[in-house]
Structures are given as C-alpha cells and as structure tokens.
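Single-structure report; data block below.
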Amino acid sequence: PIAVLVAYGVVSLVAIVAMTRRANAVSEPAPAAGDEQTAGDDAPPTERRRLVPKDLVAPVAFSLILTTLFAVNYMSSGHEPIADNMPFGVVGSTSLADAAQGDLFTLDITEYDDQAAATTAMDRGEIYGALITNDSSTELMVVSTISDISPLDLAGNFEKAAAAANETISVKPYAPTSLAEKDPFALVPATLLVVLLIGGYMSAALLTTTVGSASGRWRGLWLAGFSVVTGLILDVVTTYWLDGFPKDSFWVAWPILSLIILVVALFAAVMRRILGPAGIVVTLIVILQFGNPSSGGSNGAAYLTPFWNGVGPFLPPRNAFLLLRNTLYFDGHGITQPLAVLGAYAVVGAAILGFLDWYRSPELAVPGLDEDDATQAAGVAIPVGPLP
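Quick note: the sequence shown uses my numbering, first residue 77, plus one each step.
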C-alpha cells in the first residue's frame with residue numbers, strides 16, 4: 077500500500093511540475109525581432125519568482141482550514157459511539173434493564189403496560205428496543221431500522237447481564253416496515269443524504285458559474301426544476317436499480333429527495349448572494365461541516381455527544397435524514413418537526429432569494445477571494461460517506 081501511494085504522489089508531482097512549466101512557457105513568449113535590449117539599456121528588474129504563487133495562497137489557506145474543520149467535526153461526532161439516554165421500553169418487572177447499562181449506553185427507560193404498547197412505540201420510532209418480561213420468558217426486541225449499531229450494543233449488554241443473573245434471554249430483531257432487498261441494515265438513507273446535500277450545494281454553485289452571475293430573477297425556479305428532476309433520477313436509481321429503498325415508497329420518496337436538494341440549493345444561493353464567493357464556504361461549513369455530523373446518520377442521534385445533539389435539530393441535514401428515514405421505515409411517524417423545519421428553510425430561503433434577485437441588489441465582492449478561490453477551496457473539503 078505504501079508503494080502504491082508513493083507512486084501516485086510521484087506521478088502527480090511530476091505531472092504538476094510539467095504542466096506548470098508548460099503554462100509558464102506559453103505565457104512568456106519570446107521577444108520579437110528588434111525588441112532585444114542591449115546590455116546598456118535600462119531594463120526593468122526581473123520579478124523574482126515566488127515559491128508559492130500569490131493566486132494559490134487563498135485557496136490553499138481555505139482548503140487547509142476547511143479540511144481541518146472537516147476532520148475535527150466528523151471525528152468528534154463519531155469517534156466514540158456511546159449512546160446517552162437511549163430511548164428504551166420495558167414491559168414487566170425486571171432488573172435486567174438497569175444491569176445492562178454500562179460502557180456502551182445509558183437508557184432512558186419508559187415502562188409500558190403490555191407488549192402491544194411497546195410495539196406501537198417501536199413502530200413510531202420512539203424507542204430503540206424493548207425488554208418484554210413475563211412469567212415464562214424474557215425477550216429483547218431491538219429495532220433494526222433506527223440504528224446500525226444499537227441492536228448489537230443492546231444484545232451484547234443484555235446477554236451479559238442475563239448471564240450474570242443466571243437468566244435466559246432471547247433477542248429478536250424487529251423492523252416496523254420491511255427493509256429494502258439490498259439494504260438489510262438501513263444504511264442507504266444516511267449514505268444518500270450526503271449525495272443530496274452535495275447535489276443541492278453544487279446546483280447553486282454551478283448555476284452561478286454557468287451564467288456568470290449569482291443574480292437572476294428566475295434563479296429560484298431553475299433550482300426548483302433541478303431539484304425535482306434530480307430527486308426523480310436518484311429515486312429511480314436507488315429504488316429500482318440498486319434496490320436500496322422499499323419499492324412501495326417510490327412516490328413518497330421522490331418529493332422528499334427533491335425537497336432536501338431544494339433546501340440546500342436555496343441556502344447556498346442566498347449565502348452566495350449575501351456574502352459573495354465566501355457564501356460558498358459558509359454553505360459548506362453550515363451544511364456539511366456542522367449539519368451532516370449532527371444528523372445522527374446511521375448510528376442514530378442517541379450516539380451523538382450533547383453538543384452535536386443540540387446543534388442537529390436546527391440544521392437541515394438532521395431534519396432531512398429523519399424525514400426520509402421515518403417515512404421509509406416508520407410509516408411517516410415523527411416527521412412533523414422535520415417537515416416544519418425544512419419547510420421554513422425553503423420558504424424563507426425562496427423569499428430572500430426572490431427579493432434579492434428581483435431588485436437586483438449588487439453582489440458582494442470579497443477582497444482577496446474570488447469565485448475560483450472559493451470553489452477550489454470548497455472542493456477539497458466536501459465529505460463523502462454516511463458519517464457519522
């Protein structure tokens with residue numbers, strides 16, 4: 077592996093040096109005949125070649141800052157997955173729920189009158205699992221679609237606690253809605269969320285680059301059209317080609333995917349109009365550097381630290397993920413708040429963008445930072461993957 081990485085680095089370095097020398101040769105044509113200066117002529121002093129060209133300082137600096145921030149945010153939100161106050165249900169009298177808590181999680185226990193009530197809570201995505209105890213048996217039900225690691229943590233700790241108490245316990249995975257054929261661990265919504273966030277940002281950034289301006293009266297309609305078409309394509313690919321979504325969710329997933337893209341696109345467009353090229357960087361910081369790590373992702377929000385749990389509800393990614401996941405796997409329960417938050421972002425973003433574009437307020441120019449600088453710096457800091 078080291079040899080391969082070194083080879084890639086050497087080849088890339090050689091290619092960069094060769095392309096730079098060629099570009100310099102093209103930009104410095106030879107003097108025409110008769111233009112040669114004699115030794116006695118007053119020739120202007122030759123400009124000293126800088127080790128780091130001036131036009132690279134801004135993008136390199138921004139890239140360094142954004143990459144560092146990306147690493148710190150993602151690692152701080154997901155490097156120690158310990159669930160704090162994980163919602164959990166108990167039916168019957170038992171001490172196992174208290175004994176099972178430890179290094180991996182603490183439980184926020186709710187007592188239910190019977191198994192049907194606990195099952196209803198799991199169907200609504202309100203609890204991560206339930207311990208059902210009666211005179212003849214003890215059964216642990218773990219919800220497989222609410223988190224990819226909580227079923228393993230719950231099963232492992234409860235089995236240890238039962239063994240220590242000389243009790244027998246059975247573990248039963250429970251999925252309120254059947255999982256997609258090729259997504260047995262419900263990971264696709266978290267993976268696709270990153271694609272949707274990047275797609276929303278890119279639609280606004282590329283529209284500005286294409287038309288050469290961040291203003292235009294019909295910009296919001298272009299972004300809406302892009303969101304609708306892109307949401308449909310992603311829905312078709314994910315549902316019917318990759319079998320990552322349940323097929324009976326196709327029509328309801330389409331508007332959700334489109335809404336998520338549109339919210340991010342409008343946010344990026346507004347930031348670009350208000351802050352100039354720096355708005356691109358602000359969008360990445362808010363949506364991808366802070367929003368995605370605080371979404372909870374496939375691990376579940378219970379595994380986030382208090383800081384990330386506090387930030388998440390106010391940003392689009394957490395609400396986007398809950399809206400998509402709960403619609404697909406929990407029959408649409410618990411989506412009122414995500415819909416309200418995303419709707420507010422969309423309405424407010426569209427209103428601000430429409431106002432700015434209609435009255436054609438001047439675009440902000442940031443000294444030392446142009447569109448290319450911001451785009452290059454942002455490009456290296458776009459995270460990919462279903463983190464955390």
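Heads up, the beta-carbon is just placed ideally off N, CA and C, and yes, glycines get one too.
These figures come from a predicted structure and were not determined experimentally.
Around the CB of V166, 16 or more other CB atoms lie within 10 Å, so the residue is classed as buried. Around the Cβ of G388, a 10 Å sphere holds 16 or more other Cβ atoms; the residue is buried.
The continuous stretches of alpha helix (DSSP H) do not include T314, and DSSP gives it neither H nor E. Residue pairing from DSSP places D184 in a beta bridge opposite P163.
DSSP places Y379 in no alpha helix (DSSP H); its state is neither H nor E. Take W384, set aside five residues on each side of it, and the residues of its chain with a beta-carbon closer than 7 Å to its own are S153, P369 and S370, in chain order.
Taking C-alpha positions only, N375 is separated from I336 by approximately 20 Å. The residue from F321, L360, P260 and G296 with its alpha-carbon nearest to that of T143 is L360. Straight-line spacing of the CA atoms in R394 and A345 works out to 20 Å. Take N210, set aside five residues on each side of it, and the residues of its chain with a beta-carbon closer than 7 Å to its own are G168, in chain order. The alpha-carbon separation between G178 and N233 amounts to approximately 8 Å. Beta bridge pairing from DSSP links S246 with E215.
Boundaries of the alpha helix (DSSP H) harbouring G419: T412 to Y435, taken from the DSSP string. If you look at L391, you'll find it isn't in any alpha helix (DSSP H); DSSP assigns it neither H nor E.
Excluding residues up to 5 positions away in sequence, L283, A345, L429 and D433 lie with their Cβ nearer than 8 Å to the Cβ of R295 in the same chain. At least 8 Å separates the beta-carbon of G201 from that of V218. Taking the Cβ atoms as the reference, A173 lies roughly 17 Å from L228, outside the contact range of under 8 Å.
Fewer than three beta-carbon pairs drawn from the segment 419-428 and the segment 397-406 are found closer than 8 Å, and the two stretches are therefore not classed as touching. Q365 counts as buried, since no fewer than 16 other beta carbons sit within 10 angstroms of its beta carbon. Counting the other Cβ atoms within 10 Å of the Cβ of M95 gives fewer than 16, which makes it exposed. Only residues of its own chain outside the window of five on either side were considered, and among them G165, V166, V167, A194, A197 and A206 have a CB closer than 8 Å to the CB of Y188, listed in chain order.
Setting aside the 5 residues that flank it on each side, Y316 is surrounded in the same chain by K323 and F326, each with a C-beta closer than 8 Å to its C-beta; the list follows chain order.
When beta bridges are read from the DSSP output, L207 appears opposite V166 and L216. Counting along the chain, the unbroken alpha helix (DSSP H) around S334 starts and ends at F326 to L351.
When rounded, the separation of the alpha-carbon atoms in G386 and G367 is 11 Å.
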